[in-house]
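As numbered in the numbering used here, residues 463 to 674 make up the sequence shown, in order. Cβ coordinates follow ideal geometry from the N, Cα and C atoms, glycine included. Bear in mind that the values here come from a model prediction, so they are computed numbers and not experimental data. Here's the structure, in structure tokens; my notes come after.
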Amino acid sequence: MINRNSPILKRTLDGLVGAATVSIVGIPYFLGSADLYEWSSIMAVGAVGGLVIGRGLDALVQQNKKRKEERLTAEEKRKQLIEDERIRELNSHAPRVYLQGGYTIYDYVPVNVPIGLHAVPCCGIVHRSTLYPGKVRIKNLTTQDSPSEANAKSIMGLLTIEAYEGSKLRISVEGESKEAITLAEELYHAIAVDPKDLDKFSEQYRKRIRAS
């Protein structure tokens with residue numbers, strides 16, 4: 463009987479699988495081993511066909527796997543782009559202008575005040591905002607609780623939005639003047655970069671109240 467683990471058999475069948483056509487009559491010529499004459503035509507064709515089918519299925523599985531990975535990669539990239547855009551919007555302090563029955567300057571601000579917007583920093587925000595003639599509002603984008611938006615010229619209103627360290631805020635300043643852009647930039651810097659500015663604004667607010 464034939465040795466099915468014969469290295470000659472393995473090498474020969476590998477060669478046959480790669481050939482364009484297979485001739486049963488030519489098998490002895492290709493194999494070059496007398497042991498293989500014991501194989502019947504059916505066994506030979508079955509062995510070769512099985513290998514061809516097996517390799518074909520394996521290639522198909524690998525191809526489908528690759529396509530699935532490519533689809534997943536594309537989906538992950540799409541989700542990452544969406545997330546990057548969301549983070550950029552929440553953290554970028556570049557003022558944006560939208561047409562909403564007039565112009566509004568928007569600024570997206572991460573809170574960098576250690577204990578959040580408590581009474582003292584809120585006084586600073588109110589002081590700076592009241593120096594501007596137009597509407598100024600601050601919305602807490604992190605919480606879903608109501609109210610999440612307040613008049614930036616009201617201390618009690620700002621306290622209700624419960625903005626803590628790490629919260630993301632949206633500042634909206636109504637107007638299209640350079641003063642509106644400056645206010646948005648100053649509030650961003652005070653809330654997100656250097657909270658000492660809020661202390662300075664708060665002290666100015668107290669002086670103004672005492673003088674009134």
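So what's residue i in DSSP terms, helix, strand or just coil?
i    : result
A614 : coil
D656 : coil
V635 : strand
K601 : strand
S485 : Per-residue confidence for S485 stands at a pLDDT of 41, beneath the threshold of 50, marking its modelled position as unreliable; no derived number is given.
Y667 : helix
H580 : coil
A625 : coil
N526 : helix
S674 : coil
G494 : Note that G494 has pLDDT 48, beneath the 50 cutoff, so the model's placement of it is unreliable and no number is given.
L645 : helix
L593 : coil
Pick from the options: whose alpha carbon is nearest that of residue i?
i    : options                   : result
L593 : D520, S664 and A521       : S664
L649 : P583, R529, L522 and V523 : P583
Q606 : E624, K597, A646 and H651 : E624
I577 : R672, L645 and E627       : E627
So residue i and residue j are in contact, right, with Cβ under 8 angstroms, and what is the actual spacing, rounded?
i    : j    : result
A654 : N574 : 5 angstroms
I633 : V588 : Rounded, the Cβ-Cβ distance is 13 angstroms, inconsistent with contact.
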